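Structure first, then comments.
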Amino acid sequence: MRRTAALVLSLLALAPSARAQGAGRAGGANRPARDELFKMIDAYIISNLQESLGLSDEQFVKILPLVKKLRADRRDHVERRRETMAEMRRLLESGTATDAGITALMKTLRDQEAEEPVTLRRDMDAVDALLTPVQQAKLRLLEARVEQRLRELVRQPGAGRQQREGRPGAGDDLP
């Protein structure tokens with residue numbers, strides 16, 4: 186539980202910067218903070234993987250690189266889509282967009298949208314091959330709880346400040 190509280194404090198401290206990133210600057214000015222947030226999320230999931238899923242030591246050793254690849258591929262798809270959308274936004278807002286330029290970016294975006302589920306399905310199938318059906322369900326629920334809690338944290342105005350000041354309701358109950 187202490188590890189959960191430490192992670193929540195770290196995530197809450199970064200939540201305001203994550204909201205600021207969402208405000209829409211093109212480019213990578215906020216990439217280090219975003220990368221650090223992704224690393225913390227991955228570390229949390231990995232540190233809870235064996236216990237949450239009830240994995241044997243042998244299963245954990247085999248599944249760890251597969252889960253890391255799944256998480257990395259998810260991040261890669263999100264980042265590539267974000268970059269494509271940022272470029273479209275930059276062209277449209279600057280008034281320099283052309284039909285040819287937007288057509289090329291739309292093709293890139295469609296290709297990314299078609300590739301993502303194929304890649305993630307392949308990754309998840311590799312993970313699932315090492316898990317029992319119960320463990321598969323536990324993994325899905327662990328990831329869903331983390332993602333839901335992050336969405337809640339990002340939406341809460343002043344969430345980081347509330348947690349640091351010890352106010353109730355700031356949420357130290359991440360999965």
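Quick note on this note's numbering: the sequence shown kicks off at 186 and runs consecutively.
Cβ atoms here follow ideal geometry from the backbone N, Cα and C, with glycine treated the same way.
In this text the structure is predicted, and so the values were computed from the model without any measurement.
In this structure, the CA atom of ALA228 is about 43 Å from the CA atom of THR283.
Within the same chain, no residue comes within 8 Å of GLU332 by CB-CB distance, once the 5 residues on both sides are set aside. ASP242 and ILE248 have their C-alpha atoms spaced approximately 10 Å apart. Taking a cut-off of 8 Å for Cβ pairs, the stretch 230-238 and the stretch 251-263 touch, as three or more such pairs fall below it.
The alpha-carbon separation between ILE226 and GLU272 amounts to approximately 27 Å.
In this structure the stretch 276-296 does not lie against the stretch 234-241, because fewer than three pairs of beta carbons, one per stretch, are closer than 8 Å.
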